[in-house]
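Report on the following structure.
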Amino acid sequence: KAGVTQTPRYLIKTRGQQVTLSCSPISGHRSVSWYQQTPGQGLQFLFEYFSETQRNKGNFPGRFSGRQFSNSRSEMNVSTLELGDSALYLCASSLLGGPQETQYFGPGTRLLVL
Amino acid sequence: AQSVTQLGSHVSVSEGALVLLRCNYSSSVPPYLFWYVQYPNQGLQLLLKYTSAATLVKGINGFEAEFKRSETSFHLTKPSAHMSDAAEYFCAVSKETSGSRLTFGEGTQLTVNP
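Residue numbers (our numbering), protein chains in the order written: chain A, 751 to 864; chain B, 2 to 115.
The structure is reproduced here in structure tokens:
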């Protein structure tokens, strides 16, 4: 079974632009979660989608948004980019999103904002 | 709010020595606990998880962890370190009311010296 895939792997943007990141979960997985990883703040939960609905949301501003499609693929969007948005964005999938389920992580998209 | 604390942002051991990475959690209800490993430029890989089935949990690559409710700890150990164990290790927690949302510790960078 193929793992979680994320595209693109690397991205360079400038302040004020917007960006869209994509995540394809493991086949059959219906829950997709997004995390931001930075040296200063560590790993922080952004949001979780299940069956095309946002089920859980972290403490991030409204500039961060996401969606999930009927095939469980997910995208996250960051509008009006700031320098502090430079980070590794990780996507994780699990079968149903239960708290004791294993989340399988993709390799991440490294975003650099200049 | 639930949280995890990893004691020691950097741990250095000699090859063949015991690995001990510390994790303490704070939670008002029994949590689900996870240890993940991250190699450079990669996503997170699950080492093991505690879901209340057994207090001593065995994971991949010879790692194990013991859940101690009285000490609110879930320390990760490996009897004999290998050079390939050099990586960053994250302890994480979730609970019933948070769904698939993982709260991560700050991470511990493990260095293995020859």
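Even glycine gets a Cβ: it sits at the ideal position worked out from N, Cα and C.
The structure presented is a predicted model; accordingly, all values stated were derived computationally and were not measured.
Local conformation of residue i per DSSP, three classes
| i | result |
| --- | --- |
| S85(B) | helix |
| I61(B) | helix |
| G831(A) | For the sequence presented, residue 831(A) should be read as Leu rather than Gly. Looking at L831(A) - three-state DSSP - the assignment turns out to be coil, as it is neither helix nor strand. |
| T859(A) | strand |
| T873(A) | Any property of residue 873(A) remains undetermined from this structure, which presents chain A solely from 751 to 864. |
| T73(B) | coil |
| T56(B) | coil |
| T109(B) | strand |
| T852(A) | coil |
Chain A residues whose Cβ lies nearer than 7 Å to that of residue i
| i | result |
| --- | --- |
| S95(B) | P849 |
Cβ-heavy atom distance, residue i to the ligand ADP, below 7 Å
| i | result |
| --- | --- |
| Q43(B) | Ligands are entirely absent from the displayed structure, and the ligand ADP is therefore not among its contents. |
Residue of the options minimising C-alpha distance to residue i
| i | options | result |
| --- | --- | --- |
| L57(B) | L45(B), Y40(B) and L77(B) | L77(B) |
| A837(A) | S777(A), T803(A) and P857(A) | P857(A) |
| R817(A) | Q804(A), A842(A) and L793(A) | Q804(A) |
| L34(B) | P115(B), G106(B) and A87(B) | G106(B) |
| R780(A) | Q794(A), E798(A), S772(A) and G792(A) | E798(A) |
| E72(B) | Y26(B), L103(B) and R102(B) | Y26(B) |
| P41(B) | A87(B), G9(B), V20(B) and F75(B) | A87(B) |
| F75(B) | Y37(B), T112(B) and R102(B) | Y37(B) |
| R70(B) | S53(B), V113(B) and S101(B) | S53(B) |
| Q7(B) | N114(B), Q110(B) and T98(B) | Q110(B) |
| K751(A) | S774(A), K807(A), T859(A) and E832(A) | S774(A) |
| E67(B) | V12(B), T112(B), R23(B) and H11(B) | R23(B) |
| P758(A) | L840(A), P811(A), I776(A) and G808(A) | L840(A) |
| R813(A) | L796(A), S801(A), F800(A) and N806(A) | L796(A) |
| N114(B) | Q43(B), S4(B) and V12(B) | V12(B) |
7 Å Cβ cut-off: residues of chain B touching residue i
| i | result |
| --- | --- |
| L793(A) | F91 and F105 |
| G858(A) | G44 |
Partner residues on chain A for residue i, Cβ-Cβ distance less than 9 Å
| i | result |
| --- | --- |
| G108(B) | G792 and L793 |
Residue i: contacting residues in chain B (beta-carbon distance under 9 Å)
| i | result |
| --- | --- |
| S781(A) | G100 and S101 |
Segment contact, 8 Å Cβ cut-off, at least three pairs: the region 761–769 of chain A with the region 777–792 of chain A: Counting Cβ pairs under 8 Å, fewer than three are found: no touch.
The region 837–855 of chain A: positions lying closer than 8 Å to chain B by Cβ: Listed in sequence order: L840, A842, S844, G847, G848, P849, Q850, E851, T852, Q853, Y854 and F855.
Contact residues within the region 798–829 of chain A, judged by C-beta distance below 7 Å to chain B: Those residues of the region 798–829 of chain A that come within reach of chain B (Cβ to Cβ, closer than 7 Å) are E798, R805 and N806.
Meets three-Cβ-pair contact criterion under 8 Å: the region 9–16 of chain B and the region 60–74 of chain B: No, they do not touch.
Given 8 Å, three or more beta-carbon pairs between the region 810–830 of chain A and the region 76–94 of chain B: Judged by Cβ distances under 8 Å, the region 810–830 of chain A makes no contact with the region 76–94 of chain B, as fewer than three pairs qualify.
Short-range partners of chain A found in the region 47–63 of chain B, where Cβ spacing is below 7 Å: If the cut-off is 7 Å between Cβ atoms, the region 47–63 of chain B has L47, K50 and T52 near chain A.
Selection of the region 67–81 of chain B by Cβ proximity to chain A, strictly under 9 Å: Nothing from the region 67–81 of chain B brings a Cβ to less than 9 Å from some Cβ of chain A.
Interface residues of the region 22–36 of chain B facing chain A [CB-CB below 9 Å]: Residues are counted here when their Cβ sits less than 9 Å from a Cβ of chain A; for the region 22–36 of chain B these are P32, Y33 and F35, given in chain order.
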